[in-house]
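Protein chains in written order, with the numbering used here: chain A, 44 to 98; chain B, 33 to 271.
No residue lacks a Cβ here, since even glycine has one placed at the ideal position from N, Cα and C.
Small disclaimer: the values here were computed from a predicted structure and weren't measured.
What follows is a single structure, written as structure tokens, with notes after it.
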Amino acid sequence: MKAFVKTLFGDTANIAGVALIVAVAAVLTGIGHPTWAVVAMPLTAVAVICWLVRH
Amino acid sequence: MDWPAFLPLFLTAAVEWVEAFTIVLAVSLTIGWGASLGAAAAGLGTLAVLTALTGGALSLGLDLHAIQFVIGVFLLLFGVRWLAKAIARQAGLKALHDEDMEFRETQAKIGKGDWFAAWLVAYKGTLLEGLEVWLIVVAFSLHSHAWVFNGFAALAALAVVFASGLAIRAPLRRVPENAIKFVVGAMIVSFGTFWTLEALAGAVWPLGDWSLLALSAFFMAAGQALVPVMRARPRRLTA
Numbered sequence: 044m045k046a047f048v049k050t051l052f053g054d055t056a057n058i059a060g061v062a063l064i065v066a067v068a069a070v071l072t073g074i075g076h077p078t079w080a081v082v083a084m085p086l087t088a089v090a091v092i093c094w095l096v097r098h
Numbered sequence: 033m034d035w036p037a038f039l040p041l042f043l044t045a046a047v048e049w050v051e052a053f054t055i056v057l058a059v060s061l062t063i064g065w066g067a068s069l070g071a072a073a074a075g076l077g078t079l080a081v082l083t084a085l086t087g088g089a090l091s092l093g094l095d096l097h098a099i100q101f102v103i104g105v106f107l108l109l110f111g112v113r114w115l116a117k118a119i120a121r122q123a124g125l126k127a128l129h130d131e132d133m134e135f136r137e138t139q140a141k142i143g144k145g146d147w148f149a150a151w152l153v154a155y156k157g158t159l160l161e162g163l164e165v166w167l168i169v170v171a172f173s174l175h176s177h178a179w180v181f182n183g184f185a186a187l188a189a190l191a192v193v194f195a196s197g198l199a200i201r202a203p204l205r206r207v208p209e210n211a212i213k214f215v216v217g218a219m220i221v222s223f224g225t226f227w228t229l230e231a232l233a234g235a236v237w238p239l240g241d242w243s244l245l246a247l248s249a250f251f252m253a254a255g256q257a258l259v260p261v262m263r264a265r266p267r268r269l270t271a
């Protein structure tokens with residue numbers, strides 16, 4: 044079961060990183076600037092990937 | 033037909049099936065080809081049932097935006113992990129995946145067990161490697177409804193990998209797994225980013241569906257740019 048869950052979701056660092064990417068998109072959309080998310084979301088994803096590489 | 037999804041689907045499936053084949057091959061030396069392939073077929077059967085159940089459950093009139101959001105997040109979870117791993121391996125921070133080592137480790141694992149334990153290793157190996165294929169097939173099919181076509185892409189990869197493996201009867205060590213993981217990881221992150229934001233904010237991507245190409249190019253370029261940066265900051269090598 045543990046292997047099943049880890050295959051689907053990854054480890055906690057992976058989940059936290061993706062939560063941050065989604066949060067950036069959700070907050071920018073929520074405050075009425077969804078077009079900013081078009082730029083901010085990919086940049087956040089790269090930052091998260093960078094962090095995961097070092098993790 | 034969902035041709036934009038064919039390449040990422042086929043490549044993702046091929047990488048996973050190579051790993052599954054290595055396990056099936058190692059098990060076959062203990063319990064024979066018939067039983068080992070039977071275990072792999074049972075694993076594939078479980079995945080087929082899982083795909084059918086998922087397809088049925090998700091076609092019960094759920095909100096399209098909610099589905100798109102969930103799938104987008106799953107693709108991000110999957111793609112970010114693959115891309116980070118590929119960059120770490122390319123930068124020398126993580127050991128490259130070694131099919132020979134995987135083969136030896138599987139053999140050592142089943143060396144002391146009985147017939148059923150070995151069968152279970154082949155079944156579980158195929159099932160776990162295939163889970164990521166299932167996830168990608170479901171993700172792309174929810175968007176395009178091309179369940180049969182996308183399933184065919186995954187099965188085509190399976191046929192190519194297992195036919196090649198059975199022909200040489202050895203681990204498929206020459207498959208450029210890391211390069212494939214890098215490209216597929218970038219594509220999957222692109223799809224995840226695109227769908228998640230579209231689910232949250234509607235049609236905000238300036239180029240519409242063409243933004244996917246721009247996103248893929250961006251993530252590939254950023255990934256390649258990160259490799260020398262990460263290489264310049266060495267840390268302990270991990271498996």
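Residue-chain proximity (residue i, chain B), Cβ-Cβ < 9 Å
| i | result |
| --- | --- |
| Ile74/A | no |
| Met44/A | no |
| Thr50/A | yes |
| Thr55/A | no |
Minimum Cβ-Cβ distance from residue i to chain A less than 9 Å
| i | result |
| --- | --- |
| Val221/B | yes |
| Leu225/B | Contrary to the premise, residue 225/B reads as Thr rather than Leu in this sequence. Thr225/B counts as touching chain A. |
| Lys156/B | yes |
| Leu43/B | no |
| Thr228/B | yes |
| Lys110/B | The sequence shown places Phe at residue 110/B, rather than the Lys named in the question. Yes, because at least one Cβ of chain A sits closer than 9 Å to the Cβ of Phe110/B. |
| Trp49/B | no |
| Trp237/B | yes |
| Phe172/B | no |
| Phe106/B | yes |
Length of the line joining the Cα atoms of residue i and residue j
| i | j | result |
| --- | --- | --- |
| Leu82/B | Pro260/B | 41 Å |
| Trp237/B | Ala89/B | 29 Å |
| Thr62/B | Gly234/B | 54 Å |
| Trp222/B | Leu247/B | Looking at the sequence provided, one finds Ser at residue 222/B rather than Trp. Roughly 5 Å between the two C-alpha positions. |
| Trp49/B | Ile74/A | 44 Å |
| Ile119/B | Pro208/B | 14 Å |
| Asp54/A | Trp79/A | 29 Å |
| Ala67/B | Leu204/B | 21 Å |
| Leu125/B | Leu152/B | 33 Å |
| Leu115/B | Ala72/B | 28 Å |
| Val47/B | Phe181/B | 19 Å |
| Gln139/B | Leu198/B | 18 Å |
| Leu245/B | Ile58/A | 25 Å |
| Leu163/B | Phe53/B | 15 Å |
| Gly224/B | Val61/A | 10 Å |
| Leu285/B | Gly87/B | What the structure shows of chain B is the stretch from 33 to 271, and residue 285/B is not part of that stretch, so it cannot be assessed. |
| Trp147/B | Lys117/B | 34 Å |
| Leu239/B | Ala150/B | 51 Å |
CB contact flag (residue i, residue j, <9 Å)
| i | j | result |
| --- | --- | --- |
| Leu39/B | Met219/B | yes |
| Leu160/B | Thr50/A | yes |
| Val169/B | Leu95/A | no |
| Leu232/B | Thr72/A | yes |
| His274/B | Arg121/B | Because chain B in this structure spans residues 33 to 271, residue 274/B falls outside the shown range and cannot be described. |
| Ala202/B | Leu41/B | no |
| Leu63/A | Val91/A | yes |
- prompt: Using 8 Å as the threshold, is the segment 103 to 110 of chain B in touch with the segment 188 to 197 of chain B, meaning 3 or more CB pairs across them?
  reply: no
message: Assess contact between the segment 72 to 80 of chain B and the segment 149 to 158 of chain B, defined as three or more Cβ pairs (one per stretch) separated by less than 8 Å. Is contact present?
response: yes
query: Between the segment 51 to 58 of chain B and the segment 169 to 179 of chain B, do at least 3 Cβ pairs fall closer than 8 Å?
result: no
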